[in-house]
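Residue numbering for the sequence shown is 2 to 220, as defined by the working numbering. Glycine is no exception: its CB is placed at the ideal position from the N, C-alpha and C atoms. Since we're looking at a predicted model, the values are computed, not measured. Read through the structure below, which is laid out as structure tokens, and then see the notes.
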Amino acid sequence: MKLILLGPPGAGKGTQCKRIVDRYGMTHLSSGDILRGERAAGSDLGHRAQAYMDSGALVPDDLIIEMMIGAMKKAGGGYVLDGFPRTVVQGEALDAALSRAGERIDGIVNLVIDDGIIVQRMTGRRSCPKCGAVYHIENLKPKVDNICDTDGEPLVQRKDDQPEVVANRLKTYHEQTAPVLGYYERTGQKIMTIDAAQAPEEVTAAVFAELDALSDQVG
Ligand code: AP5
């Protein structure tokens with residue numbers, strides 16, 4: 002299956018994507034994770050993206066489109082796109098690239114949640130700098146405080162999870178990313194809407210129910 006996971010920052014896209022790829026054997030293509038990897042590697046792309054990411058603004062479309070189309074080609078097979086597309090221009094570029102390759106997106110999982118819950122989720126998020134595992138200081142605690150369950154690394158807080166940056170990311174989402182859903186409604190894509198305010202396991206169960214039915218249809 003080829004999927005897109007849509008939703009505001011902090012809705013739980015990364016958390017659910019990890020569970021989706023484990024169950025359905027797909028590749029997780031997160032634009033945010035790829036950008037953070039480029040920054041850690043000190044690449045030219047990482048340097049160019051840095052100021053946008055730290056302020057909660059979007060990285061320019063041309064940089065993102067080239068990066069993500071390249072990642073999709075490299076992945077081959079099934080994948081779930083997380084954080085891309087984030088503007089209508091990116092959605093149109095994605096459709097054009099898929100159409101050139103004779104491929105299509107099978108479905109879109111749309112995580113819906115209120116801004117008030119999002120702020121609590123993002124400011125409490127902690128991640129492992131080594132394996133990328135995501136925790137929360139209250140909702141999804143590691144077994145030992147502030148230590149990754151998988152590799153024992155101390156957890157870190159993302160720079161863009163500071164309250165003032167979170168506010169800007171939400172503003173950016175409502176102005177530039179929310180219209181992507183309307184774009185896919187107009188182009189007749191299959192959209193699966195999920196209440197992302199539920200507990201993580203309940204969100205996962207709702208997502209899996211939709212994707213089990215979809216995978217029966219697409220084979
Ligand atoms: P990116 O890394 O994509 O960030 P995002 O979309 O803002 O999403 P997040 O990673 O913040 O949240 P998430 O939905 O994955 O939530 P998570 O599962 O971690 O992008 C970062 C930046 O890169 C952007 O601001 C931009 O500058 C740039 N960028 C990226 N893509 C771009 C693009 N296409 N175009 C231009 N620029 C781009 O969960 C959040 C927290 O909540 C965690 O602590 C988790 O443990 C907890 N949690 C998860 N689910 C639940 C639940 N059900 N109940 C309770 N807690 C939960």
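Closer than 8 Å to a non-hydrogen atom of the ligand AP5 - does that hold for the CB of residue i?
i, result
"residue 122", "yes"
"residue 155", "no"
"residue 80", "no"
"residue 2", "no"
"residue 44", "no"
"residue 96", "no"
"residue 237", "Any answer about residue 237 is impossible in this case: the structure gives the chain only from 2 up to 220."
"residue 105", "no"
"residue 70", "no"
"residue 140", "yes"
"residue 164", "no"
"residue 115", "no"
"residue 83", "yes"
"residue 31", "yes"
Ordered along the chain, which non-local residues of its own chain (more than five positions away) have a Cβ less than 7 Å from that of residue i?
i, result
"residue 182", "7, 111"
"residue 209", "24"
"residue 133", "34"
Can you tell me the Cβ-Cβ gap for residue i and residue j, rounded? I've got them flagged as a contact below 8 Å.
i, j, result
"residue 89", "residue 180", "6 Å"
"residue 117", "residue 140", "Not really, about 14 Å apart at Cβ, beyond 8 Å."
"residue 131", "residue 165", "In fact, because the Cβ distance is near 28 Å, the residues do not count as touching under 8 Å."
"residue 30", "residue 107", "Actually they are not in contact, since the Cβ atoms of residue 30 and residue 107 sit about 15 Å apart, beyond 8 Å."
What does a CB cutoff of less than 6 Å around residue i pick up in its chain, not counting 5 residues either side in sequence?
i, result
"residue 288", "Not covered by the structure: residue 288. The range shown for the chain is 2 to 220."
Please go through the same chain and pick out, in chain order, the residues whose beta-carbon is closer than 8 Å to the beta-carbon of residue i, but skip the five residues on each side of it.
i, result
"residue 45", "none"
Along the chain, which unbroken stretches of the beta strand (DSSP E) at least 3 residues long are found entirely within the stretch 152-205?
192-196
At 4 residues or longer, what runs of the alpha helix (DSSP H) sit wholly inside the stretch 58-113? DSSP runs (the alpha helix (DSSP H)) wholly in the stretch 58-113: 62-76, 89-101.
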